[in-house]
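Protein chains in written order, with the numbering used here: chain A, 8 to 792; chain B, 3 to 442; chain C, 2 to 161.
Using N, Cα and C, we set each Cβ at its ideal position, and we do this for glycine too.
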Amino acid sequence: MADVTLTVDGKKVTAPAGTLLIEACKTVGIEVPSFCYYPGLSLCGACRMCLVKIEKMPKLQTACTTVISEGMIVTSDSEEIKQARKSMIELLLGNHPLDCPVCDAGGECELQDMTFSYGAAESKFMEAKNHKDEQQWSPVVFFDRPRCILCYRCVRVCGEGMDVWALGVQNRGVSSIIAPNKEDHLECEECGMCIDICPVGALTSGAYRYKTRPWEMKHVGTICTHCGDGCKTTLGVRRADTGMEIVRGDNRDKSGTNGDFLCIKGRYAFDFANHEERLSRPLIRRDGKLTPSTWEEAFELIGKKFAEVRDRDGGAAIGVIGSTRTTNEENYLLSKFARVVLKTNNVDHHRTADFPVLAAAVRDKADATASMADVFTAPAILLIGNNPTEQHPLLAWQIRNNVRLHRARLYVINSNPIKLRQQATSFTEIAAGAEGKVAAFLNGADAAVDVLVNSSMDREAWIALREKLRGEQNLAIVFGSEIHGTDLSNLVKFGSGISGAKFVCLADYANSRGAADMGLYPDLLPGYHPTAGNSEFHREWGDIPQAAGLDLHGMVDAGKAGKLKVLYVIGSNPVGRLNIDPFAFSKSFVVVQDMFLTETAVMADVVLPAANAYEKSGTFTNTCGDLQLVKKAGEVTGTKADFEMIVRVADAMGFDVRKLVPFGGGTHADMGQSRGAQSGEADRHAVWLEAHGLEPKMSPFDPTTILDEIQRLVPGYDVSRMDLLAGNSQHTSLAKAGSGVAHRPESIAPANDDLFSSGTLGRYSRTLKSVVESHQVKPAEVAAD
Amino acid sequence: MADLVSHPDEVKVVTRRFGKGATNIDRYLELDGYKAVQKALGMEADAIINEVKNSGLRGRGGAGFSTGMKWSFVPKQSAKPKYVLCNGDESEPGTCKDRLIFEHDPHAVIEGVTIGGLAVGARSGYIYIRGEYRYLSIIMQKAIRDAYAKGFLGRNIFGSGRDFDIYWHGGAGAYEVGEESALMESLEGKRGIPRIRPPFPAVVGLWGGPTVINNAETLASVPHIVLGGAEWYAKLGPPKNGGTRLFCLSGNIAKPGVYELPMGYSLKKMIYEVGGGIPNGRELKAVVPGGSSTPCLTADEIDINMDFDSVAKAGSMLGSGGVVVLDDAQCIVKFALRTMQFYQHESCGWCIPCREGTDWLKKTLMRFHSGGGVKKDIDNMQYLSENMLGRTFCPLGDAAAMPTIAFVKKFRKEFEDHLEGRPCPYEKEGAIEQLPVLAH
Amino acid sequence: MRFSDEFEARFAEMVPHYPTKRSALVPTLLYAQDEVGFLSDEVIQELAGRLDLTELEVRNVISYYSMLTTKPRGKFNVQVCTNISCLVRGGEEILHHCAKKLGVGHKGTTADGLFSLEEVECIGACSWAPAAQVNYDFHENLTTEKIDKVLDEYRKKATQ
C-alpha cells in the first residue's frame, strides 16, 4: 500500500496507508499507552488510554482506532493528554484492589507500569471498593474480578484467536464482568492464553499462582517438549533443593514462531520434571530387582556388556531405539554411536510421519517445504488428514489466524468434521482411509474419484475442487500421517504443478523431525542417506555397516528369537506406546535411559536417570523443518543428559570418544581461554562464563561440537548459527537430502495425542491429569439431572 | 394511555392526528395519510433529500444533526443492502413524546421510514421500540400489517413498481441502546455496546449495510415536510431550526404534558403560560431543558428560545425535548444523585471513564446527600466529571458529566449546605430510609 | 422444551424478517420470559439452540438488558419509576409505599409469589408522573391511594 506521511509531536512519520496511528507512533519511538489495544485482535477503543490530539478534531481521539491519513498532525504529549491518561489510571485504581504485594502479576503488571509512567500519586476516592470473591474456573484458570480492568483482551484472544469463544462479558456498567462459558466454570481448550494476555492479575494460572514472585525466577526461553510444532515457551525457574525447579511456563518471550500462542502443554505440562516418580539414581537389576547403583558401576557394566556382545556376536546383535524428544545433537550422536561404536544399523525410533519419502520427493526442489511461519502467510492452504486443533495446536492457530487476518483460503479434506472446517473455504468429508485416494486423484488419477464420491461431493465437485487448487499460487499443502509412501509422492507431484507450493508433513513429537533428519533409521543415515552407499557420512564416520539393519519390529522378532543380545533404548517407551510384547527382550541385555520407570524401563537390566529437554541444551527441528535452540532451564540432581550418557557408554566401551565427539576444536574452542595474559585471569573468566552458561566448549559432553558436525554434514542444516543462537527459528531445506527409502506403512504409528495428552510424558503431568479429570467429572453431573 | 393536553400556542404538525383515531388505517387515510409517500414515489431520491435538507429538520433524538445531511451521507451504490432504522428506544429521562406518536399516529412513522427508504435507496426498514412500550409495539405491529394489507408496504408499493418492507423490533430495557450504533448491535441480537466510528452507520451500519437511523419524531415529521414543502416547514421555526417540536413538560409544573410548539418558543412562556407555572405557591429553582443529560438552567437563565442553537448558546442543549421543572422545594444534590444513579445504572460498562466515573460519582453523591460529605468532594465531583467529558467511548459519559458539572457549578452553595454531617435541608423526616440501590 | 402455540407462531414469523438468526434474540427472550416467568436454564438452552448461539452468548445478552431476568419473580412485577420527573413528584414515596404494603424491597418478591417490586429507570411517563408499570401496564399520575387501588385490583385479578 502507498505510504502516508503525518506528523506526531513534530516528528515526521511515514507508514503504509491503513496503518493505525498507535502503530505508526511506535515506528518512531513514540509510545502511546493502551490496555485494550492488542495487535492482531479486533479494536475496542475501550480503555481510553491512547487518547491523542489530532488537529482539527474537537475531542481527543483514540490512537488505536484512528487510521493515519496524509498530513495528519498529532500531539501525544500535551498537558491535556497527560491529564486524560492520569485520570483514566485514577479511575481504574479507584476500584482496583491494590493487593500488588500478593498479586501474581506484581512486577509484571501493565497497570503497575502505567501507573508508574502516567498515573497519579494520590487517590481522590473515599468510597469502599467494589468486591467480588475470586473464582476458580478450571484446574488452571482463576479469576479475580476486582483486579480486572475490562480490557477484553481475554475475551478476544479466546474467541478470535482460538475460535473457542469460552469467555464473555456479562452485566453492564460497573457490574460488567468477564464470564466463563459454563456459568461458574470453563469448558475450553485450557490454553491459558487468557492468562498470558491479561495485563493485570485478574486471570491467574492454577499452576503458578502464589508460588513465587516474578523477580525471583530466571526466565529461559526454550522449545516446548510436547508436540511437533516447536513453540517457544518461557520457563521460569527457581532454585530448589533438588536443583533448579521449573515453576512457570508462558509465552512472555514472544520471539518464537508461535508469537502469542501457547497451548496447555507448552504452558503447564512442564511439571513432569518434578514428578515424585522421577528417577535420580541409576538402577541395576540384581537378583531380578532393579536396585540403586552408582554411575560408575552402571557405565562399567554397560560398557563391558556392549563391547562383549559387539565383539562376540557382531553389531547385528545390538539394537538401538532412539527418541523423538531428545535433541538433534543427541539423535545424531546416537545414530553415529550405533554405526561407529556399536557397529550396528539396527536403529529406529517411534515414527509418526513418512519423512524419508518426503525427502526423496522434494530433494531436487528448492524451497519445497513450508516453515511454521509460512503457514501464517500462505495465501491458500490445503489440509489433508490430521486434526491440527488437537494434534498441532500451533499449526491450527497459524491457519486460523491466517484466514482471519489475511483472508487465506483454506481447503480441508478430512474423514472427520474437524474444527478447522469452520475457517475453511471448502470442507470435504471423505471416508476414513481415503486420504491416499485423494492424493492420487489430485495427481491426475481420475479413476480414484470413484472411491471418493459421496452424497455431498460428486465427480464434478471433486474435479472442480482440483481445478480450484490447481489455480492457487503459493499453496501450503499440509498433510497428516494418513498420507505416506506412494500417496505422499503423488501429493508432491500434484503440488509441483502449482507455482510456489510448499509442503508440511505432520509428525507428532517435539523432535520427530529431528529424529528422522538425524538418521534414527535402520536403513538411513542422517540426511536420508541410505546406509548402503558412499555418502559424506560414510567418509567421515569411516567403516560403518552397509546393510540395512532391523527396524523396531525386526528387533522384536530378533529379540524373541534370542538373536538380539543387547537393546539400548533412549527416551522411548515402545512397550507402553507401540504394543510391543514386554517379554520380547527378556533374553536381551536391555539398557534404558529415561526419566521414569516406564513399561519399557521396568524390564531393563540397567536404567539410567535421564534429564529431559527442559534440562539441557541443543536443538530441535519441528515438524515443518524449523531448527530452533533448546536451552537448559531446569535441573534435577542425579540425572544426566542423554548426550553425556552416550559418550560415557562409548568411553566405558574403551572407544576414543574424540572420534565420536570432536570436542576441543571448532568455533567455540577458544572462548575465553586466550583473553587473559595470565592464566589466573583466564580461570576467572572461565568461572564467569560457566556461571552464565557460556563455558568454553572443551568437553566431550558439549553438544555444540556435534551441532558443528550436523551443520557441516546434514543437508539443509547449514543455517545461520548466529540467528539460531539469537533464538530465531531457521528453516532447514530438504533440497540436498539423500535419496531416502520406502518403508512399510505399518512402521508409522501416529501418537494419537489430543490437546490434553502427550505420549508417556503426559501421564506424568499432574496438570494435564487434573484438567482431564475435571473434564470427565462435568458430563456425569449433567447426565445426572 | 397517556392523557393529551393542548394549548393555543401549539402548532400541530406531528400531533395533528393525535386523538383522532389515526391508528385505524382508513381513518389515517382520511386525515391525508399516505399521501406524502405517494408524492415521494414520484420524486427523485435527491429531490427528497434536498427537501428534507431545506426544511431545516434536525434530529429530534437529542443531537440535532441535520436529517437531510445524514441521509445524503448514504452511498448511492452499495453491495450490501441499505436500511432505514427508526429509533423508538425513547429512554432519556424527562422524555415521553415518541410514546405518543406510536400511540396516536403509528402510520406516520411507517410513512416516514418508507420515505427515508426511497430517499436513500433502501428496501427495508426496522422500527425499534423500547421493550417497556409493549402496548405500542402491538399498535405498531397492527399498523404494519394493515399497511401491508393495503399494498402500502411489501412488493410494488402503491403500484409503483418499488418494494419496501418494514418490520418492528423490540428492546428489553437499556438506555444505551438509544445510541444509534448500540441500537444496531441490539437489533442484531447482541449486547448494546456502541460501535467504533468511523465507519459511520451511513456507510457501515446494520448488518454491515449503509444505514440511516433517525428518531421516531424526526421520521414522523418527514411526511409533513414532503406534503407541506420544505419552505413551509422551515418557516415554522427560526433559521436552521425548522419546524415544530414536541416538548414534554414534566416535574413541578401545573399543567404537565406533551405540547407541540414551534422551534424557538420561549422557555419562560413554556413554563409559565403553556405549563401554567409552578404550582403550590412555589418558586422555580431550575429547569432541565432537554432531558436528564442536558445541563440545568437556573431560574435566571430561562429567558431563552427553545431551539438547538439558542439553548446551546445558553450553555445547555435542546436535547430530546424533555423539559423537567424543579421548584424550590427540591434538593439539587438529591436530583443530581438520582440523575447519576441513572447513568451509573445505564452505563454499558465498555469504557473506563464512563463505567468507573459514573459509579464513583454516584457513590460520592450518595454519601454526600446522606450527610457524609467532605469539602473536597465538591471539587472532586467536578474534577471527575470534567475528566469524563469528551473522553468516553460514546456520548453517555458526556450525558452523565454535563449535568453534574452544571449542578455543582450553579448550585455549589446547596452542596455546601450538605456538608459536615448536616442532614439534607430538603428531606422530609423519615423519608430518607434507603431501599437497596439499583444494582444489576 | 415447549412454548405456547402463540409463542411458536410469533417466533416462526419473526426469524425470517432478519438476515441473521440471532437478530431475533432480544424480543424473543422477552416473549419467552413473559411466558415462563423468567429465563430459566432450559429456556436459555432452547433459544441458544434455535438461534445457533452458545448459551454463553445468550447469557451475555440477557445480563445486559434490565428487563430480562434469570431469576423467578412475582406474577405481577410492580415497577416504580423514581427517575427525575417522577422523583420531583413523589415517585420515591410511591416506591416506599409499595415496599411497605408488599413487605418487600427492590427486586423482592412477596411470599405468595404474587408481587415483585422493582425501582426502575424512566419508563417514558414523565408528563404523567409519578408513574409505575405493573408488568406492561402503565399506571400514571399516581398517589398512594391510587397505587393501593391498583395493587388491590391485581390481587383480585389473581384470585379470580
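Which residues in the same chain as E167(A) place their Cβ atom closer than 7 Å to its Cβ, once the five residues preceding and following it in sequence are excluded?
Once the five neighbours on either side are set aside, the close Cβ partners of E167(A) are L48, S49 and R411.
Once you ignore the five residues that flank G326(A) on each side, which residues in its own chain have a CB closer than 6 Å to its CB?
Taken in chain order, the residues that qualify are N353, M562, L571 and L574.
For C270(A), which three-state DSSP category applies?
The answer is coil: DSSP assigns C270(A) none of H, G, I, E or B.
With a Cβ-Cβ cutoff of 9 Å, do I253(A) and Q635(A) count as a contact?
For I253(A) and Q635(A), no; Cβs fall outside 9 Å.
Return the chain-ordered list of same chain residues with a C-beta closer than 8 Å to the C-beta of I255(B), the five sequence neighbours on each side being excluded.
I273, G277, G278, G279, I280, P281 and V327.
Leaving out five residues on either side along the sequence, give the residues of the same chain with a beta carbon under 6 Å from the beta carbon of D361(B).
The answer, listed in chain order, is Q346.
Starting from I713(A), trace the beta strand (DSSP E) in both directions and tell me its first and last residue.
Run containing I713(A): none in the beta strand (DSSP E); it sits in the alpha helix (DSSP H), P710 to L720.
Which same chain residues end up closer than 7 Å to K19(A) when comparing Cβ atoms and leaving out the 5 residues on each side of it in sequence?
T12.
Spell out whether any CB of chain C is found under 9 Å from the CB atom of K336(B).
It does; some Cβ of chain C falls within 9 Å.
Tell me the DSSP secondary structure of D515(A) in three-state form.
Coil, per DSSP.
Just verifying my parser: in three-state terms, what is the DSSP assignment at H782(A)?
Here H782(A) sits in helix by DSSP.
May I ask which residues mark the beginning and end of the alpha helix (DSSP H) holding D649(A)?
Run containing D649(A): D649 to A659, per the alpha helix (DSSP H) assignment.
Suppose you measure from the CA of G683(A) to the CA of S727(A); what does that come to, to the nearest Å?
Unreliable positioning characterises G683(A) in this predicted model, as indicated by a pLDDT of 42, which lies under 50. The coordinate reading is nonetheless provided below. Those two C-alpha atoms are separated by around 29 Å.
E94(B) CB to nearest chain C CB: under 9 Å?
So yes, E94(B) belongs to the interface.
What three-state label does DSSP hand S188(B) in the structure shown?
S188(B): helix per DSSP, three-state reduction.
If you draw a straight line from the alpha carbon of E697(A) to that of Q600(A), how long is it in whole angstroms?
Here E697(A) scores only 43 on pLDDT, less than 50, and its place in the model is too uncertain to base an answer on.
Determine the contact status of E53(B) and I227(B), defining contact as a CB-CB distance below 9 Å.
Against a cut-off of 9 Å, the Cβ pair of I227(B) and E53(B) comes out as a contact.
Counting only runs that start and end within the stretch 383 to 428 of chain A, where is the alpha helix (DSSP H) found for 4 or more residues in a row?
The stretch 383 to 428 of chain A contains these whole alpha helix (DSSP H) runs: 395 to 398 and 400 to 413.
Flag this pair as yes or no: are the beta carbons of I96(A) and M121(A) separated by less than 9 Å?
Result yes, Cβ atoms of I96(A) and M121(A) sit closer than 9 Å.
Name, please, each residue of chain C whose Cβ falls closer than 9 Å to the Cβ of N254(B).
Chain C residues near N254(B): V89 and R90.
Measure the C-alpha to C-alpha separation of D140(A) and G208(A) and round it to an integer number of angstroms.
Distance between the alpha carbons of D140(A) and G208(A) is about 14 Å.
How many angstroms separate the CA atom of A454(A) from the CA atom of K444(A)?
So the two alpha carbons sit approximately 9 Å from each other.
Ignore the nearest five residues each way along the sequence and tell me which others in Y215(A)'s own chain have a CB closer than 7 Å to its CB.
Closer than 7 Å at the Cβ level, and outside the excluded window around Y215(A), lie D111, V254 and R255.
What are the partner residues of F596(A), as DSSP defines its beta bridges?
Answer is V573(A), bridged to F596(A).
Report the rounded CA-to-CA distance for L193(A) versus T55(C), giving the unit in angstroms.
C-alpha separation (whole angstroms): 13 Å.
Is the beta carbon of Q68(A) sitting closer than 9 Å to the one on I61(A)?
Taking 9 Å as the Cβ cut-off, Q68(A) and I61(A) qualify as a contacting pair.
Give the list of continuous beta strand (DSSP E) stretches no shorter than 3 residues that lie fully inside the stretch 207 to 262 of chain A.
Qualifying beta strand (DSSP E) stretches, in chain order: 210 to 212, 225 to 230, 239 to 247 and 250 to 257.
Quick one, which of A565(A), L513(A), G521(A) and N408(A) has its alpha-carbon nearest N759(A)'s?
The option with the nearest alpha carbon to N759(A) is L513(A).
Determine whether the Cβ of I202(B) lies closer than 9 Å to any Cβ atom of chain A.
What sits at residue 202(B) in the sequence shown is Phe, not Ile. Answer no: the Cβ-Cβ gap between F202(B) and chain A never drops below 9 Å.
Does any residue of chain C have a CB that is nearer than 9 Å to the CB of N137(A)?
For N137(A), the answer is no, since every Cβ of chain C falls outside 9 Å of its Cβ.
Taking D6(C) as part of the alpha helix (DSSP H), name the residues at either end of that continuous run.
Run containing D6(C): D6 to M15, per the alpha helix (DSSP H) assignment.
Could you have a look at Q332(B) and say whether DSSP puts it in helix, strand or coil?
Three-state result, Q332(B): coil.
Based on the DSSP output, what are the partners of D149(C) in its beta bridges?
Answer by DSSP bridge pairing: none, since D149(C) is not bridged.
For the beta strand (DSSP E) that contains G293(A), what are its first and last residues?
Position check: residue 293(A) holds Arg in this sequence, whereas Gly was assumed. Element bounds for R293(A): L290 to R293.
Would you report the Cα separation of H371(B) and Q332(B), rounded to the nearest angstrom?
For H371(B) and Q332(B), the distance between alpha carbons rounds to 13 Å.
Cβ of W172(A) less than 9 Å from any chain C Cβ?
So, interface residue.
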